[in-house]
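Comments concern the structure below.
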Amino acid sequence: MMISIHKKRFRLVPFSVFILLVSLTVFSCKKSTVIGEDPYDGGKQPLGIKFANEAADPEVGIQGEEATFKIRGLRPFEGKFKVLINETEAEVLTLTDSTVKVKIPLNASTGGITVIAEGQTFFGPSFGIEGKVSLDASFKVVSGSNGSILDMIPANNGYLMVGGFSDFDSKAALKPVNAIAMMNSQGEFQSLNSGKGVSGVLFSANQLSGGQFIVAGLFNSYNRRLGISSIARLNSDGSLDSTRVQLINLTPEKPQMGFDTVSTFNGGVNGLIRKTFVRDNKITVVGNFTRYYRYFYERSTRDSKRIDITTMNQIVRMKEDGSMDSTFNFNPATRQGYEGLNGSVEGAFMQQDGKIVITGDFTSFNGKPVNRIARINLDGSRDDTFNTGSGADNIVTSVTYNETKRKIMLTGLFKNFNGTAANGVVMLNEDGSTDNSFKLGTISGGIVTFAHQLSSGKIILSGGFSRYNNVVRQGFMILNQNGSLAPGYNNSGAFEGYISKVIETSSSLGNPAVILSGFISKFDNKRVGNVLRVEIK
Numbered sequence: 000m001m002i003s004i005h006k007k008r009f010r011l012v013p014f015s016v017f018i019l020l021v022s023l024t025v026f027s028c029k030k031s032t033v034i035g036e037d038p039y040d041g042g043k044q045p046l047g048i049k050f051a052n053e054a055a056d057p058e059v060g061i062q063g064e065e066a067t068f069k070i071r072g073l074r075p076f077e078g079k080f081k082v083l084i085n086e087t088e089a090e091v092l093t094l095t096d097s098t099v100k101v102k103i104p105l106n107a108s109t110g111g112i113t114v115i116a117e118g119q120t121f122f123g124p125s126f127g128i129e130g131k132v133s134l135d136a137s138f139k140v141v142s143g144s145n146g147s148i149l150d151m152i153p154a155n156n157g158y159l160m161v162g163g164f165s166d167f168d169s170k171a172a173l174k175p176v177n178a179i180a181m182m183n184s185q186g187e188f189q190s191l192n193s194g195k196g197v198s199g200v201l202f203s204a205n206q207l208s209g210g211q212f213i214v215a216g217l218f219n220s221y222n223r224r225l226g227i228s229s230i231a232r233l234n235s236d237g238s239l240d241s242t243r244v245q246l247i248n249l250t251p252e253k254p255q256m257g258f259d260t261v262s263t264f265n266g267g268v269n270g271l272i273r274k275t276f277v278r279d280n281k282i283t284v285v286g287n288f289t290r291y292y293r294y295f296y297e298r299s300t301r302d303s304k305r306i307d308i309t310t311m312n313q314i315v316r317m318k319e320d321g322s323m324d325s326t327f328n329f330n331p332a333t334r335q336g337y338e339g340l341n342g343s344v345e346g347a348f349m350q351q352d353g354k355i356v357i358t359g360d361f362t363s364f365n366g367k368p369v370n371r372i373a374r375i376n377l378d379g380s381r382d383d384t385f386n387t388g389s390g391a392d393n394i395v396t397s398v399t400y401n402e403t404k405r406k407i408m409l410t411g412l413f414k415n416f417n418g419t420a421a422n423g424v425v426m427l428n429e430d431g432s433t434d435n436s437f438k439l440g441t442i443s444g445g446i447v448t449f450a451h452q453l454s455s456g457k458i459i460l461s462g463g464f465s466r467y468n469n470v471v472r473q474g475f476m477i478l479n480q481n482g483s484l485a486p487g488y489n490n491s492g493a494f495e496g497y498i499s500k501v502i503e504t505s506s507s508l509g510n511p512a513v514i515l516s517g518f519i520s521k522f523d524n525k526r527v528g529n530v531l532r533v534e535i536k
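Numbering that gives the first Met the number 0 puts the first residue of the sequence shown at 0, with every later residue one more than the last.
This is the structure we're talking about:
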């Protein structure tokens with residue numbers, strides 16, 4: 000068979016158009032052909048459950064009592080759905096077309112309302128649980144600090160705060176707020192005469208008997224005044240306690256070169272100071288350093304300062320003027336400090352008798368074994384009566400002490416303490432022995448980073464955990480002294496952050512309260528600025 004082609008009618012067709020035509024032809028010939036599966040086929044149909052934009056009745060609930068939530072569409076699923084308050088199931092009592100009444104669980108805490116039906120989850124608004132713990136709204140801190148508050152002390156009818164921040168309540172727009180700030184007893188910002196403040200981070204603060212402050216951390220200047228080595232003495236208004244000294248003048252034609260204004264407190268270290276303690280007009284310093292520094296101004300010029308250096312590992316005691324106390328952990332034969340600690344210092348406190356307990360990640364002090372905790376005598380020697388046995392098997396990151404109860408709380412990454420399972424939290428007696436009446440429950444979803452016993456005996460624990468003994472506790476809880484959850488005290492919602500200090504006080508209504516400071520962004524589902532007051536009735 001012959002095929003004739005008429006050249007006048009022949010036209011070239013673009014390849015893409017050709018492919019489209021072929022595809023349409025094939026599709027038209029085979030209408031029943033399945034190209035691909037429907038990706039939405041088999042998906043769950045909406046159930047019609049919806050939270051109304053109305054408050055619950057009551058708006059704030061009480062553990063063990065009833066509450067009614069405005070939710071539509073539950074009637075078709077009667078007996079087949081769950082209502083949860085902050086991940087804790089509530090008993091359903093009655094149901095209508097638009098409401099559901101539940102009994103608030105005894106271990107419920109502030110958080111979101113959730114409905115689960117036929118494998119689908121519906122999220123509702125937050126529901127507050129009233130109890131013995133609440134954020135004190137009368138505390139007048141507004142936005143708080145923009146960085147961590149690492150120490151806080153009562154001072155000048157208020158509180159002195161130090162840390163790693165550069166603003167507080169947005170006051171830095173008017174005047175620098177670098178690592179040091181003051182507030183009154185109700186949380187209102189109080190101006191200090193600190194000038195440009197600190198050129199680094201402050202970890203510790205103390206007030207001397209005359210009203211002056213000792214501040215310490217990791218910094219080399221205060222209000223741009225150099226010649227400071229991680230510790231300084233301030234006047235009661237926050238200004239640097241300074242003095243004018245005579246120097247060697249290499250340019251006699253410029254008499255001013257023979258003098259300089261320097262820190263009156265002439266002493267320091269070559270690293271980080273974690274804690275300072277004041278007793279009998281002497282300052283004991285512990286931290287992560289290896290040398291003590293003191294300037295010899297009489298042999299210095301304005302441009303070149305002479306420094307006397309003494310080896311002192313992790314601990315040194317200074318006199319009120321900053322000079323080193325050679326009666327404390329000092330070897331007169333070598334004119335250097337004794338061996339000291341062989342690892343990092345993370346925390347410390349001073350007992351009423353002046354002895355200091357130090358914790359961290361070390362295994363010896365002056366050549367003697369001390370696993371992550373040691374008590375130091377007034378002369379700087381190890382206190383052998385402090386009976387911690389084999390101590391902790393890993394780092395101790397936090398230590399607190401209650402003078403009323405005379406108990407020590409430790410937290411860290413250790414799993415055992417003195418050969419007994421501890422899971423990162425342990426209570427010690429004042430002599431270092433383990434208080435076995437405290438039994439830590441099961442921590443889920445994270446770890447405990449801070450523990451502090453109140454004078455009432457209750458214990459505050461915080462961290463990154465989500466449950467305690469399978470009860471929802473989102474980063475914050477209050478225990479009885481035996482380690483059980485304190486009834487009525489665990490109603491608060493989510494906590495986010497790290498607590499560095501707890502100060503017991505009273506609220507504006509006269510109720511028992513605590514001021515918490517640290518690096519805290521959320522408490523009871525509310526945004527906070529690293530310092531807050533909490534009523535604990």
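All residues carry an ideal CB built from backbone N, CA and C; glycine is no exception.
Could you have a look at residue i and say whether DSSP puts it in helix, strand or coil?
i: residue 118; result: coil
i: residue 28; result: Confidence is the limiting factor: at residue 28 the pLDDT is only 42, short of 50, which leaves the residue's position unreliable, though a coordinate-based value still follows. Three-state DSSP puts residue 28 in a helix.
i: residue 254; result: helix
i: residue 55; result: coil
i: residue 69; result: strand
i: residue 522; result: strand
i: residue 170; result: helix
i: residue 368; result: strand
i: residue 337; result: coil
i: residue 90; result: strand
i: residue 297; result: helix
i: residue 14; result: Bear in mind that the predicted position of residue 14 carries a pLDDT of just 40, short of 50, making it unreliable; the figure below should be weighed with that in mind. Residue 14 falls in the helix class under three-state DSSP.
i: residue 175; result: coil
i: residue 223; result: coil
i: residue 104; result: coil
i: residue 45; result: coil
i: residue 76; result: helix
i: residue 64; result: coil
i: residue 351; result: coil
i: residue 261; result: strand
Less than 9 Å between the beta carbons of residue i and residue j, yes or no?
i: residue 357; j: residue 372; result: yes
i: residue 143; j: residue 200; result: no
i: residue 266; j: residue 288; result: no
i: residue 275; j: residue 227; result: no
i: residue 126; j: residue 98; result: no
i: residue 475; j: residue 499; result: no
i: residue 307; j: residue 263; result: no
i: residue 148; j: residue 206; result: no
i: residue 496; j: residue 437; result: no
i: residue 360; j: residue 343; result: yes
i: residue 131; j: residue 535; result: yes
i: residue 107; j: residue 150; result: no
i: residue 487; j: residue 463; result: no
i: residue 193; j: residue 158; result: no
i: residue 506; j: residue 135; result: yes
i: residue 333; j: residue 314; result: no
i: residue 219; j: residue 198; result: yes
i: residue 68; j: residue 102; result: no
i: residue 104; j: residue 117; result: no
i: residue 272; j: residue 217; result: yes
i: residue 461; j: residue 443; result: no
Report the CB separation of residue i from residue j in whole angstroms; it is logged as a contact under 8 Å.
i: residue 365; j: residue 390; result: That pair is no contact at about 16 Å.
i: residue 478; j: residue 457; result: 7 Å
i: residue 530; j: residue 514; result: 7 Å
i: residue 410; j: residue 396; result: 6 Å
i: residue 451; j: residue 504; result: Going by Cβ atoms, the distance from residue 451 to residue 504 rounds to 14 Å, so no, they are not a contact pair.
i: residue 376; j: residue 340; result: Rounded, the Cβ-Cβ distance is 15 Å, inconsistent with contact.
List the residues that DSSP assigns as beta-bridge partners of residue i.
i: residue 384; result: Residue 384 is not bridged to any residue.
i: residue 515; result: 501 and 531
i: residue 154; result: 157
i: residue 81; result: 115
i: residue 133; result: 534
i: residue 98; result: 69
i: residue 398; result: 409
i: residue 274; result: 285
i: residue 362; result: In the DSSP output, where bridge partners are listed per residue, residue 362 has none listed.
Compare the C-beta of residue i with all C-beta atoms of chain D and state if any pair is closer than 9 Å.
i: residue 395; result: The displayed structure is made up of one protein chain only, and chain D is not part of it.
If you scan the stretch 177 to 201 from start to end, which runs of the beta strand (DSSP E) of 3 or more residues do you find wholly inside it? Taking only runs of at least 3 residues, the beta strand (DSSP E) segments lying wholly in the stretch 177 to 201 are 179 to 183.
Whole runs of the beta strand (DSSP E) within the stretch 416 to 497, excluding any shorter than 3 residues: Segments of the beta strand (DSSP E) lying fully in the stretch 416 to 497: 424 to 428, 447 to 452, 458 to 462 and 475 to 478.
Contiguous alpha helix (DSSP H) assignments of at least 4 residues, all confined to the stretch 302 to 334: Runs of the alpha helix (DSSP H) inside the stretch 302 to 334: none found.
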